[in-house]
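Novice:
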Amino acid sequence: MNKTLDTSLFDKAAQFAIQAHCGTERRDKGFPYIIHPMEAAAIVSTVTNDPEILAAAILHDTVEDTDATIEQIEEQFGPRVAHLVHIETTQRGATWRSRREVQVERLRQADRDCKIVAIGDKLSNLRAIATDYRELGDALWSRFHAPEGKNDIEWYYRSLATALEELADTAPHQEFVSLLEQTFPTN
4 MNKTLDTSLF DKAAQFAIQA HCGTERRDKG FPYIIHPMEA AAIVSTVTND PEILAAAILH
64 DTVEDTDATI EQIEEQFGPR VAHLVHIETT QRGATWRSRR EVQVERLRQA DRDCKIVAIG
124 DKLSNLRAIA TDYRELGDAL WSRFHAPEGK NDIEWYYRSL ATALEELADT APHQEFVSLL
184 EQTFPTN
């Protein structure tokens with residue numbers, strides 16, 4: 004007999020994320036933004052089946068990129084999901100570098116569950132970067148708001164790999180490191 008999986012929290016989170024990101028496009032990609040959070044959740048599902056972590060993965064950009072608030076996330080999905088989303092949310096203001104430094108430090112200090120949500124997001128992003136780099140070469144770096152272009156992006160992703168080392172035993176982290184070396188070879 005098949006065991007019925009309770010997907011109600013994830014289903015609710017997916018509906019919330021779809022509505023929040025409705026009508027938005029992934030930067031310079033030509034497809035609906037929601038594809039990225041869906042990919043992040045799919046990556047996370049290879050590490051855990053925890054419904055709150057999966058919900059946080061699909062919700063991870065709602066506070067950063069839409070009108071949704073962390074209070075709404077907490078009200079609808081509970082304090083743990085809100086905490087996981089909050090840790091993954093890049094703070095507004097300050098410089099590109101300082102925002103990324105704060106994010107990397109938060110992830111270094113975060114618990115494993117937060118890091119699992121982060122690897123879903125960051126691997127999805129790095130997959131896109133690696134694909135675009137193969138197609139565009141160094142012209143890709145002009146898309147980013149990083150003042151030092153490729154050097155800043157490389158610093159950020161290498162810092163993330165270190166901050167997320169606790170997940171080194173997982174396939175997503177291993178793929179992340181592999182893509183990092185392909186995109187930013189050290190020779």
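Read left to right, the sequence shown gives residues 4 to 190 (the numbering used here). We put the CB at the ideal spot given by N, CA and C, even for glycine.
Which of helix, strand or coil does DSSP assign to P35?
Specialist: Translated into positions along the sequence shown, residue 35 becomes position 32. In this structure, P35 counts as strand in the three-state DSSP scheme.
Novice: Between L163, Q94, P175, A113, which has its C-alpha nearest L87's C-alpha?
Specialist: Against the sequence shown, residue 87 aligns to sequence position 84. Minimum Cα distance to L87 is reached at A113.
Novice: Are there 16 or more other CB atoms within 10 angstroms of the CB of R103, so buried, or fewer, so exposed?
Specialist: Here residue 103 is taken as the residue at index 100 of the sequence shown, counted from 1. R103 should be labelled buried.
Novice: Among D70, E184, I21, D64, which residue has its Cα nearest to the Cα of R157?
Specialist: For this step, residue 157 is matched to residue 154 along the sequence shown. Sequence inspection shows Glu at residue 157; the Arg mentioned does not correspond to that position. Among D70, E184, I21, D64, the Cα nearest to that of E157 belongs to E184.
Novice: Excluding the 5 residues preceding and the 5 following A149 in the sequence, name in chain order all residues of the same chain whose CB lies nearer than 8 Å to its CB.
Specialist: Residue numbering aside, residue 149 sits at position 146 when the sequence shown is read from its first letter. Only W99, R100, D155, I156, Y159 meet the Cβ criterion.
Novice: Tell me where the alpha helix (DSSP H) around F187 begins and ends.
Specialist: Residue mapping note: residue 187 aligns to position 184 of the sequence shown, counting from 1. Careful: F187 lies outside any alpha helix (DSSP H) and carries neither H nor E.
Novice: Helix or strand or just coil, what does DSSP make of E157?
Specialist: Locating residue 157 in the sequence shown gives position 154, where the first residue counts as 1. The answer is helix: DSSP assigns E157 an H, G or I state.
Novice: Based on DSSP bridge pairs, tell me the residues matched to E138.
Specialist: To locate residue 138, count along the sequence shown from 1; it is residue 135. According to DSSP, E138 bridges with nothing at all.
Novice: Could you check what DSSP says for E108 in three-state terms: helix, strand or coil?
Specialist: Start at 1 with the first residue of the sequence shown, and residue 108 comes out as number 105. E108: helix per DSSP, three-state reduction.
Novice: Label C117 either buried or exposed according to how many other C-beta atoms from any shown protein chain fall within 10 Å of its C-beta, with 16 as the threshold for buried.
Specialist: On the sequence shown, position 114 is the one that residue 117 refers to. Looking at its Cβ environment, which holds 16 or more other Cβ atoms inside 10 Å, C117 is buried.
Novice: Assuming V107 and A166 are in contact, meaning their beta carbons sit under 8 Å apart, how far apart are those beta carbons, in whole angstroms?
Specialist: For the purposes of this step, residue 107 is taken as residue 104 along the sequence shown, with counting starting at 1. For the purposes of this step, residue 166 is taken as residue 163 along the sequence shown, with counting starting at 1. Rounded, the Cβ-Cβ distance is 5 Å, consistent with contact.
Novice: If we call anything under 8 Å between Cβ atoms a contact, is D64 one with P40?
Specialist: Along the sequence shown, one-based indexing puts residue 64 at 61. Along the sequence shown, one-based indexing puts residue 40 at 37. Yes, these two residues count as a Cβ contact at 8 Å.
Novice: Rounded to whole angstroms, what's the CA-CA distance from E91 to A121? Just pull it up for me.
Specialist: Position 88 of the sequence shown holds residue 91. Position 118 of the sequence shown holds residue 121. Going from the Cα of E91 to the Cα of A121 covers about 6 Å.
Novice: Pick from L139, T134, R111: whose alpha carbon is nearest that of R161?
Specialist: The residue given as residue 161 occupies position 158 in the sequence shown. For the residues L139, T134, R111, the minimum Cα distance to R161 belongs to R111.
Novice: What is the residue span of the alpha helix (DSSP H) that E197 lies within?
Specialist: The structure shown does not extend to residue 197, since the chain is modelled only from 4 to 190, so the question has no answer here.
Novice: For D141 and G152, I'd like the C-alpha separation in whole angstroms.
Specialist: By one-based count along the sequence shown, residue 141 stands at place 138. By one-based count along the sequence shown, residue 152 stands at place 149. Between D141 and G152, the C-alpha separation is close to 9 Å.
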